[in-house]
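> Supplied in structure tokens, the structure appears directly below.
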Amino acid sequence: YEEKIPVSAELRNIRLKKPPLHYALSGGEDYELLFTVKEKNVKKIYSAILKNRLSATIIGEITERKKGILLVDSKGGQRPLLPTGFEHFKS
């Protein structure tokens with residue numbers, strides 16, 4: 113879900129050639145940990161995160177593999193989320 117992807121206030125407040133979301137998804141300089149959790153374990157994991165004074169944001173859900181990776185906008189529209197950005201480990 114596009115509106116749930118963390119984008120810093122600093123990035124939102126500067127004028128760039130592309131939208132802030134583009135840089136959040138492919139900029140390569142700011143790193144976030146991305147992981148999946150089975151739906152039945154979400155409350156337990158989230159509780160552990162809060163207990164350790166950390167933060168986490170639920171940004172989406174796993175669906176059928178054949179659909180690929182889709183970005184859902186605020187109106188429910190979907191578009192493919194293609195790999196972009198710098199590849200640090202490519203030779």
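The sequence shown begins at 113 in the numbering used here and counts up one residue at a time. C-beta: ideal position from N, C-alpha, C; glycine also.
(1) Measure the alpha-carbon distance for E122 versus P195 and round it to whole angstroms.
(2) Taking all protein chains shown into account, do 16 or more other C-beta atoms lie within 10 angstroms of the C-beta of Y143, making it buried, or fewer, making it exposed?
(3) Please report how far the alpha carbon of I161 lies from the alpha carbon of K152, in whole angstroms.
(4) Going by the DSSP bridge assignment, what does I192 pair with across the sheet?
(5) Under the three-state reduction of DSSP, which class applies to N153: helix, strand or coil?
To lay it out plainly:
(1) Between the C-alpha atoms of E122 and P195 there is a straight-line separation of about 24 Å.
(2) Burial call: exposed.
(3) Between the C-alpha atoms of I161 and K152 there is a straight-line separation of about 16 Å.
(4) According to the sequence shown, residue 192 is Pro rather than Ile. P192 is bridged by DSSP to L182.
(5) Per DSSP, reduced to three states, the secondary structure at N153 is helical.
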